[in-house]
Amino acid sequence: MRHSIGHYLEAAGGAEGRKDNFLLIRLVAATLVIYGHGFALAALGSGQRDFFTQYLGYRYSGDVAVAVFFLISGFLVAGSLERSKSIVRFALARAMRLFPGLWVCVLVCALVMGPLITVQSQADYWSSPLTWSYVWSNASLAEIQWLLPGVFESNRYSPAVNGSLWTLPIEGSMYLYMGLLGLLGIFSWRWLTTALIAGFAIWTYQSAQLQSVPLQEAARLTLFFACGALFYIHKARIPLHLSIVAVLAGVAWACRHTVHYELACSAALIYFVFWLAYVPRLPSPRWLLDISYGTYLYGWPIQQLIAKFYPAATPLQMTVMAIPLTWVVALMSWKLVEEPALQLFKRWSKKDFSLGLRRKPVVGVSG
């Protein structure tokens, strides 16, 4: 179909060498998380509301940004699964994207930042079980640990060292589910895959409504990830037109005083992200690097440092200070950790990983 997602992908030479706007969109989303967190972490942010809450009444900017992350991730991970010749290669690709940057961030927070700013003695800090459980629990994503001994104890909102980590176990579980579908060969059957992914996402969401808020948020992100994967599976059948963006935005606005408003906004957001990713020619300078993950990882700790040493900062002041600092650290993370890890994976991927070898793509290119 002309002007479909598949059409734009093929015109750009496929997903491997795609010329899209995802890099820029993800960086904007990661930066939006910093903006949203400023209203919680800044001492003078109490009672103030961010743009999305104030003017759109649709959650808050951090929620929207994380939803965009999961939506794009579902799309790209489905593409990664299609291109992978084996489940081992797919699993390694996902692990090398998720863990190296996380590990270094956890170590920097626990072994560098923590001992420098803790209010406890150095002996107490290094001997505390919390110091070492922080490293293991967060590096493995077994269970997110928020606290380090004596760190950020006087901060207004929370002493949490890195409140952004809560989404990463959800992301990792999505990789596992997708890998399982690929291992079973189910992705070769487009409509069966659609039914399974959609059914699982809806069941997860409905089941979580009677549970705790964290489970509800996890279910919501699962839905966005699933939508991203389904958009990839049906990429040849989904047209991208500005008129559809306008219609969905109009429907969302018409529903603003109803219980369907969030659903309508989510639908409009999902479609708009893919339209924005492929249709307009947004500026994409050569120096624009993939620092969105590092921006997401380091934004919260840097904002907590600002809250500690500049407690009078307003949300806007915190945002203005945190963004350039975070981008610099994220750039270091990309150049020194993430990019070398991905290059190492490319060298590994030349080897023959026979486990789970498939003779045909797991997702039909034609949709």
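Under the UniProt record's numbering, think of the first position of the sequence shown as 1, with each following residue one higher. Even for Gly, the Cβ is constructed at its ideal location relative to N, Cα and C. Since we're looking at a predicted model, the values are computed, not measured.
With respect to the C-alpha of K346, the residue from C105, A95, G228, F224 having the closest C-alpha is A95.
Distance from the CA atom of M174 to the CA atom of T222, rounded to whole angstroms, is 7 Å. Y278 is not a Cβ neighbour of L242, given a cutoff of 7 Å.
CA-CA distance, V320 to I302, rounds to 12 Å. In the same chain as L192, and ignoring 5 residues on each side of it, the C-beta atoms closer than 7 Å to its own belong to I186, in chain order. Taking A65 as the centre and dropping the five residues before and after it, the same chain places the C-beta of A29, L32, V33 closer than 6 Å to its C-beta, in chain order. Taking all protein chains in view, the Cβ of H37 is crowded by 16 or more other Cβ atoms within 10 Å, so the residue is classified as buried. Shown here, P115 sits in a helix according to DSSP, grouped into three states. Judged by DSSP secondary structure, A42 falls outside any alpha helix (DSSP H); it is assigned neither H nor E. Considering only T131, R256, G299, the residue with the shortest C-alpha distance to T326 is G299. In this chain, the alpha helix (DSSP H) harbouring I323 covers 315 to 333.
Leaving aside the five residues that flank W275 on each side, the residues in its chain whose CB is nearer than 8 Å to its CB run, in chain order, L240, H241, L242, I244, V245. For P239, the three-state secondary structure derived from DSSP is strand. Rounded to whole angstroms, the gap between the alpha carbons of A252 and G57 is 11 Å.
About 5 Å separates the Cβ atoms of P169 and L141, confirming a contact at the 8 Å cut-off. Judged by beta-carbon spacing, S80 lies within the 7 Å limit of A93, meaning their Cβ atoms are closer than that value. Residues of the same chain with a CB within less than 7 Å of the CB of G172, apart from the 5 flanking positions on each side, are L98, L141 in chain order.
Around the beta carbon of P315, a 10 Å sphere encloses 16 or more other beta carbons of the protein chains shown; the residue is thus reported as buried. In the DSSP secondary-structure assignment, S4 is bridged to P239. Between the region 151 to 162 and the region 107 to 125 there are three or more C-beta pairs closer than 8 Å, enough to call the two in contact. When the beta-carbon positions are compared, L165 and I144 come within less than 7 Å of each other. Note on geometry: alpha-carbon atoms of P283 and L230 lie some 28 Å from one another. Looking at G163, I5, P324, the one whose alpha-carbon comes closest to that of L41 is G163.
Just so you know, the alpha carbons of A67 and H234 end up roughly 20 Å apart. Membership of W300 in the alpha helix (DSSP H) is indicated by the continuous run 292 to 309. Non-local C-beta neighbours of L248 in its own chain, meaning closer than 8 Å and more than five positions away in sequence, comprise A264, A267, A268, Y271, F272, ordered along the chain.
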